[in-house]
Structures are given as structure tokens and as C-alpha cells.
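Asks: Take a look at the following structure, please.
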């Protein structure tokens, strides 16, 4: 393990808070992945990790390397931008695939039988 | 002083991220359907990527950053391809 003694104490405390906070946020997201009852609720939970969890840990890494090398080290922004841009795309693809599979099997969709759809068939028609 | 603070925080963060990986693995094994497993795989990729970043902070090397970047790229490609497969039954049409 490297020595962080060149790091000022305020920066060390800030890095510690960011690291532990980011890891705890990610853990919260995966606990939600376990605890939510349906897939359409579960798909929301891991985005805690991809937004705030990743942001906190990567900002902590940027702080440590920038202060240790006394120059701005901004590589981690690349990961942050990439994760932030791609996660909504992949999870929307996945949710659409799950919706398609549920409709194709004739399962009741969440929220469909609530209020405005009383009397209509449970399985909505496939759009395409 | 700073070494103690950052070192302890890194170890705690690694333990918490390992717990997150265990939670994602539990959902990956339990299912119940294919889309749940794909979602669990996606969050497994994310937790592993953050774990690699904390390893990079601990060792002070930038090599881990590149590994984390590659895992991030692979996570996007794998999840998009698996979602396409669940939708259409094939990846490249």
C-alpha cells in the first residue's frame, strides 16, 4: 500500500467520506435488487450505484491522484461519463425486452388492471 | 495520519463493495427469470468496476483505471446484447 502522507488531512477525510458513501450507495442499490418483489421495481434499484455510487468513488479517486501528483488527473471523468450515458440505454432495452416477454406469455402487467382499463382484456395488444 | 484515514476508508469501501457483489450474485443465482439475471449481471459489473477503482487508489497505480474502463465498456456491450437476445432471440439480425 502506498503512503498518503503528502495528502492533507482535510483531503483524506473528504476522500474517506466519498469512498465509504459511494460504496454504501452501491450496496443500497444491490439490496434493493434483492428486496423488491417484481422485475419492473427491481430495474430501478441498481441505478443508485451507477449514478451516485460511481460518482462518489470516482471523484474520490480523482481527488487522491490529483493531490498526490500535484496536477489535475481527470481520467476518471471518462468512466463516469460512459457509465452515466450507457446505463439508461441498456436498462431501457432490458425493460422493453422484459415487457415484450411478459406480453408474449400473456402475463398480467403491473398497473394495467388498475382503473382506466377496467373491462379491457388483461393483455394489451402488441404494438409492432 | 492521512495514510491511516485513507487506508481504513479504502478497506471499508472494499468490504462494502464485496457485500454488494454478494447481493448481486444472490439475485443472479436465484432469478427467477432471465431478465432478472441480466440485471444482476449488470450491477455485478458495476460493483466490480468500483472495486477495481478502490484497488487503484490503494496501490497508487493507474493500471487499475484502465481495467475499470474496459469493464465499463464490456458491461454496456454485454447488457445491450443480452437485452437484444431476450427481445428477438438473436443478437445480430
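Residue numbers (the working numbering), protein chains in the order written: chain A, 1 to 128; chain B, 1001 to 1093. Don't be surprised by glycine CBs; every beta carbon is placed ideally from N, CA and C. None of these values were measured; they are calculated from a predicted model.
Would you mind stating whether residue 56 of chain A and residue 19 of chain A have Cβ atoms separated by less than 9 Å?
Replies: In the first chain, counting from the first residue as 1, residue 56 of chain A sits at position 56. In the first chain, counting from the first residue as 1, residue 19 of chain A sits at position 19. Taking 9 Å as the Cβ cut-off, residue 56 of chain A and residue 19 of chain A qualify as a contacting pair.
Asks: Expressed to the nearest angstrom, what Euclidean distance is found between the alpha-carbon atoms of residue 23 of chain A and residue 1089 of chain B?
Replies: Taking the first chain and counting its residues from 1, the one referred to as residue 23 of chain A is at position 23. Taking the second chain and counting its residues from 1, the one referred to as residue 1089 of chain B is at position 89. Approximately 36 Å between the Cα atoms of the pair.
Asks: Does DSSP put residue 79 of chain A in a helix, a strand or coil?
Replies: By one-based count along the first chain, residue 79 of chain A stands at place 79. In the structure shown, residue 79 of chain A sits in a helix (DSSP, three-state: H, G or I).
Asks: Would DSSP call residue 69 of chain A helix, strand or coil?
Replies: On the first chain, residue 69 of chain A is found 69 positions in, with the first residue counted as 1. Helix.
Asks: Tell whether a beta-carbon distance below 9 Å holds between residue 26 of chain A and residue 1075 of chain B.
Replies: Indexing the first chain from 1 puts residue 26 of chain A at position 26. Indexing the second chain from 1 puts residue 1075 of chain B at position 75. Against a cut-off of 9 Å, the Cβ pair of residue 1075 of chain B and residue 26 of chain A comes out as no contact.
Asks: Along chain A, which residues have their Cβ under 8 Å away from the Cβ of residue 1070 of chain B?
Replies: Your numbering for residue 1070 of chain B matches position 70 in the second chain. The premise fails here: residue 1070 of chain B is roughly 10 Å from chain A at the closest Cβ pair, so nothing lies under 8 Å.
Asks: Mind checking whether residue 1014 of chain B and residue 1062 of chain B have CB atoms under 9 Å apart?
Replies: Position 14 of the second chain, counted from the start, is the residue given in the question as residue 1014 of chain B. Position 62 of the second chain, counted from the start, is the residue given in the question as residue 1062 of chain B. Contact: no.
Asks: Closer than 7 Å by beta-carbon distance: list the chain B residues that pair up with residue 105 of chain A, in chain order.
Replies: Within the first chain, the letter at position 105 stands for residue 105 of chain A. For residue 105 of chain A, there are no C-beta contacts with chain B under 7 Å, since the nearest C-beta of that chain is about 10 Å from it.
Asks: Under 8 Å, with one C-beta from each stretch per pair, do the region 1009 to 1026 of chain B and the region 82 to 101 of chain A reach the 3-pair mark?
Replies: no
Asks: Kindly give me the distance between the Cβ atoms of residue 5 of chain A and residue 1003 of chain B, rounded to whole angstroms, as I take these residues to be in contact under 8 Å.
Replies: Numbered from 1 along the first chain, position 5 holds the residue referred to as residue 5 of chain A. Numbered from 1 along the second chain, position 3 holds the residue referred to as residue 1003 of chain B. Right, the Cβ-Cβ distance comes to about 6 Å (below 8 Å), so this counts as a contact.
Asks: What's the call for residue 35 of chain A, buried or exposed, on a 16-neighbour Cβ count within 10 Å?
Replies: For the purposes of this step, residue 35 of chain A is identified with residue 35 of the first chain, where counting begins at 1. Under this definition residue 35 of chain A is an exposed residue.
Asks: At a Cβ threshold of 9 Å, is residue 3 of chain A touching chain B?
Replies: Within the first chain, numbered from 1, the residue matching residue 3 of chain A stands at position 3. So, interface residue.
Asks: Note the first and the last residue of the continuous alpha helix (DSSP H) segment covering residue 1066 of chain B.
Replies: Within the second chain, residue 1066 of chain B is the residue found at index 66, counting from 1. Element bounds for residue 1066 of chain B: 1063 to 1088.
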